[in-house]
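In our numbering, the protein residues as written are 31 to 380.
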């Protein structure tokens with residue numbers, strides 16, 4: 031029963047992430063006037079990274095009514111750090127959804143997973159000092175970096191390469207830095223040395239409400255700033271008009287929000303019932319979920335221009351790069367866990 035539950039939660043988390051990212055890519059490509067995908071990033075109609083990032087906090091905010099009775103007693107400093115967590119997570123989300131406009135989701139996923147584990151490990155060792163970084167951990171991270179380089183360099187030399195994809199790679203790396211910083215702050219809040227106990231669910235609900243408030247402000251600012259989106263940096267009024275004109279686009283965005291919520295719930299359940307080590311190991315395989323679902327999307331919707339095609343050479347490079355990232359990530363998690371057990375930071379039974 032326990033093994034079946036682990037398998038079910040693992041598949042749920044990996045598939046939810048793959049579906050969320052691919053659905054967001056569809057939203058950025060979809061031309062609601064013709065019903066097909068725009069051929070290039072420059073022609074993207076729904077390039078709305080701020081609005082897309084806000085959907086993740088919409089899902090988190092649904093938790094708030096169930097935990098609001100447990101909010102009393104927290105120090106102001108805790109709320110300050112949670113707000114910083116929201117700012118970093120929101121920045122990472124905006125950059126992530128910006129990167130998928132310019133990159134295939136498989137490449138963006140590899141860069142983000144590799145960057146996230148590398149930057150999180152370095153920050154945890156040298157900034158928050160919640161962990162160490164010994165030689166086996168360093169070798170594991172080097173393997174992760176090699177996998178990212180293999181996939182990225184091959185993509186930059188692909189026949190269908192576009193200069194804007196360099197920007198996509200930079201955005202994906204930047205998003206992984208922001209998400210890593212979010213992990214550092216989250217680790218600092220949940221492992222507070224002052225004795226302040228912050229439950230994961232409570233923090234999720236607070237993050238959701240704070241995130242929604244923050245993104246309302248960001249969307250208003252983006253509406254007022256001049257830009258290429260109907261005269262604004264991101265025209266939210268036109269966003270809602272597009273949603274009103276296209277039920278398909280509306281359903282896609284509801285699906286993105288729903289998958290974000292499923293991702294959060296399954297990841298939290300993995301942490302609660304199987305431990306953070308198991309969760310992080312499982313989430314390394316989101317590379318596979320993102321890529322395989324992109325291939326399936328192309329198989330069923332190639333006439334509309336969605337998904338990713340695959341060639342033997344591309345497949346081989348992505349398998350090698352992805353395997354290096356996953357193996358390096360799992361090895362790093364294993365070595366860090368072993369070190370934490372030896373130093374008494376975690377209970378070996380947890």
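Glycine included, each C-beta is placed from N, C-alpha and C at the ideal position.
Exposed is the label assigned to residue 271, since fewer than 16 other Cβ atoms lie within 10 Å of its Cβ. In this structure, the straight-line span from the alpha carbon of residue 169 to that of residue 323 is close to 31 Å. The beta carbons of residue 68 and residue 135 sit no closer together than 8 Å. Pairing residue 163 with residue 151 gives a Cβ-Cβ distance under 8 Å.
In summary, residue 214 is buried, with 16 or more beta-carbon neighbours lying within 10 Å of its beta-carbon over all protein chains present. Annotation for residue 257: the continuous beta strand (DSSP E) segment containing it runs 256-259. Under DSSP, residue 60 shares a beta bridge with 67. Contact between residue 147 and residue 362 holds: CB atoms are separated by about 6 Å, below the 8 Å threshold. Sequence-distant Cβ neighbours of residue 93 in its own chain, meaning closer than 7 Å and more than five residues away, are 231, 234, 235, 238. The DSSP assignment places complete alpha helix (DSSP H) segments of no fewer than 4 residues inside the region 114-171 at 135-156, in order along the chain. In terms of Cβ geometry, residue 241 and residue 116 form a close pair [threshold 8 Å]. CA-CA distance, residue 266 to residue 250, rounds to 8 Å. Taking a contact to require three or more Cβ pairs closer than 8 Å, the region 39-56 and the region 192-208 do not qualify as touching. For residue 126, the closest C-alpha among the options 112, 113, 141 is that of 141. With contacts defined by Cβ atoms closer than 8 Å, residue 105 and residue 264 do not form a contacting pair.
Note that the C-beta distance between residue 321 and residue 139 is below 8 Å. Closest option to residue 202, judged by alpha-carbon separation, among 149, 128, 269, 62: 128.
Residues of the same chain with a CB within less than 6 Å of the CB of residue 100, apart from the 5 flanking positions on each side, are 232 in chain order. Straight through space, the alpha carbons of residue 137 and residue 304 are spaced by roughly 29 Å. Per the Cβ contact rule, the region 363-370 is not in contact with the region 192-201 (fewer than 3 Cβ pairs under 8 Å). Here residue 311 carries a helix assignment [DSSP, helix/strand/coil]. For residue 124 against residue 80, the beta-carbon gap comes to about 6 Å, under 8 Å, which counts as contact. Sixteen is the threshold: since fewer than 16 other Cβ atoms of the shown chains lie within 10 Å of the Cβ of residue 183, the residue is exposed. Around the CB of residue 185, 16 or more other CB atoms lie within 10 Å, so the residue is classed as buried. Distance check between residue 130 and each of 330, 291, 337 places 337 closest, using alpha-carbon atoms only. Straight across, the Cα-Cα distance linking residue 268 with residue 188 is about 35 Å. Residue pairing of residue 262 in beta bridges, as defined by DSSP: 256. Assignment of residue 42 by DSSP, reduced to helix, strand and coil, places it in the helix class.
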